[in-house]
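Taking it in order: structure first as structure tokens, then the write-up.
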Ligand code: COA
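And the structure:
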């Protein structure tokens, strides 16, 4: 039987759709369209105000934008200080970050304790949810599985459409607490039904952090090292929020502005995050490196590495997309602070896992790629390693399945999406509705009998 892709009708009319769909590139300049809602320097079009986070990637000197080392602030607190703060106190930090993003201040110890208890109380999924929803029609894609679960949770909510702030916070707390279960159980179900592995469903433990519970639920023996849990916790803290303009958060603003329910808004964000140019990049990084490791004989040879990177850009290697995954960012220029923070811990983990050689290869690519991209592409603001460059490697060293890489991002980012949804609702402005200029020609309607 022929698949739909090879159906002659689909084939013929797909070509037509492609030709018809092409808009003359010059028209974008003529009408000054800000493609990707960004100007030529990469700066985003201003579409909103936020107090949730701030990304700094340039300074203004004598009226000119000058690229600088990247900085990220959650509610005004530097992410570097946040990570250092919870590590110095030898505790997990992702829960604290969620509180900070949602409520605007760092919790004191009583607030933090109450918050941790509230999250633990909200972890339990509705009765039979795992059997009836997650294990029913298990998807090969965990983001799809996560989205299905979130949409189904709507049906279990007695008050799903109420967009009062109190109700949205109630729903957000539940989603933050339940995302780890939805993602991990979705994977376990996939591994069982599609990969013939034993079905493992561990119940999360009260008293463990979200990072610890992810590892506890995922591994059949529930064991993990302190360093593993700590690095996963840092990864969650670093991925929790990134301004209102990133694709999935902006999607949340767009959808929330129509005053739809929380579940629909979160599912829209999940759909955006899944894309390889957004949250899906970390899988691509690991796959790209596994291709590179096979094709480069000497991992210390800068010349050989450079030649491979050039071939990537010329669409002659890996997935032929012309991209070096894990490099570049829509906002950051000289550096992504999350990548720099992460890199320090990656080295320790690589030593613990006996994978120093690979760590060195990653370091070399990190150093060589900006130059190679600069030689082959027009760079306006600089290119450097982004957070996904190392996150995929870290998850891989922890033996976390690739299918869960993007869901782990979602487990973290649900905090940022929730904070932005609340901000959009509190400041309820207009429904978001930008303009598309029509450049089509007017044509008459012709009766079928008179058409060629
Ligand atoms: N590989 C190849 N080319 C790259 C690149 C990369 N990693 N990063 C940037 N470039 C190219 C861009 O495509 C652009 O060329 P073009 O004008 O011919 O399209 C040029 O360099 C300037 O890019 P810039 O303005 O700095 O970034 P952008 O906003 O166009 O793209 C990304 C940002 C994230 C989409 C891009 O860097 C990318 O695709 N990176 C790889 C995927 C990835 O790691 N995504 C995760 C982001 S956190």
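In the working numbering, the protein residues as written are 1034 to 1485.
Using N, Cα and C, we set each Cβ at its ideal position, and we do this for glycine too.
It should be emphasised that the depicted structure is a prediction, and the values quoted were computed from it without experimental measurement.
With three or more CB-CB distances shorter than 8 angstroms, the segment 1145-1161 counts as touching the segment 1189-1209. When rounded, the separation of the alpha-carbon atoms in residue 1379 and residue 1165 is 39 angstroms. The bridge partners DSSP lists for residue 1092 are 1099. Look at residue 1362: its beta carbon is less than 7 angstroms from one of the heavy atoms in the ligand COA. Between residue 1129 and residue 1140, the CB-CB gap stays under 8 angstroms. Collapsing the DSSP output to three states places residue 1110 in a strand.
Distance check between residue 1212 and each of 1062, 1445, 1093 places 1445 closest, using alpha-carbon atoms only.
In the structure shown, residue 1273 falls within a coil segment according to DSSP collapsed to helix, strand and coil. Assignment of beta strand (DSSP E) within the segment 1165-1248, counting only whole runs of 3 or more residues, yields no such run. A distance below 6 angstroms between beta-carbons, with the five flanking residues on each side excluded, links residue 1302 to the following residues of its chain, in chain order: 1281, 1284, 1285, 1450. Secondary structure at residue 1077: strand, using DSSP grouped into helix, strand and coil.
For residue 1335, the enclosing alpha helix (DSSP H) has its first and last residue at 1335-1346. Under DSSP, residue 1117 forms no beta bridge with any residue.
Of the candidates 1170, 1265, 1197, 1197 places its Cα closest to the Cα of residue 1292. Taken through DSSP and simplified to helix, strand or coil, residue 1451 comes out as helix. Exclusion of the five residues before and after residue 1133 leaves 1107, 1108, 1110, 1115, 1139, 1140 as the residues of its chain whose Cβ lies within less than 8 angstroms of its Cβ.
Contact between the segment 1410-1430 and the segment 1048-1056 is absent, with fewer than three C-beta pairs closer than 8 angstroms. Counting C-beta pairs with one atom in each stretch, the segment 1083-1094 and the segment 1227-1242 have fewer than three that are closer than 8 angstroms, which means they do not touch.
Exposure of residue 1464 is indicated by the presence of fewer than 16 other C-beta atoms within 10 angstroms of its C-beta. Between residue 1064 and the set 1469, 1200, 1479, the nearest pair of CA atoms involves 1469. Less than 8 angstroms divides the Cβ of residue 1086 from the Cβ of residue 1105.
Taking a cut-off of 8 angstroms for Cβ pairs, the segment 1395-1413 and the segment 1341-1358 touch, as three or more such pairs fall below it.
When secondary structure is reduced to three states using DSSP, residue 1376 falls in the helix class. Below 8 angstroms, too few C-beta pairs join the segment 1246-1254 and the segment 1357-1366 to call them touching: fewer than three. In the DSSP assignment, residue 1069 falls outside any alpha helix (DSSP H) and carries neither an H nor an E. Along the length of the segment 1426-1470, whole alpha helix (DSSP H) runs at least 4 residues long occupy 1438-1459, reported in chain order. The ligand COA has a heavy atom closer than 7 angstroms to the beta-carbon of residue 1310. Taking all protein chains in view, the Cβ of residue 1295 is crowded by 16 or more other Cβ atoms within 10 Å, so the residue is classified as buried. Inclusion of residue 1316 and residue 1439 in the CB contact set at 8 angstroms is warranted, their separation being smaller than that value. For the options 1403, 1457, 1430, the alpha carbon positioned closest to that of residue 1288 is the one of 1457.
In the DSSP assignment, residue 1305 falls within the unbroken alpha helix (DSSP H) covering 1295-1306. The beta carbon of residue 1243 sits closer than 7 angstroms to those of 1127, 1128, 1213, 1269, all from its chain and outside the five residues before and after it, given in chain order.
Less than 8 angstroms separates the beta-carbon of residue 1081 from that of residue 1277.
Residue 1459 holds the alpha-carbon nearest to the alpha-carbon of residue 1084 among 1459, 1431, 1148.
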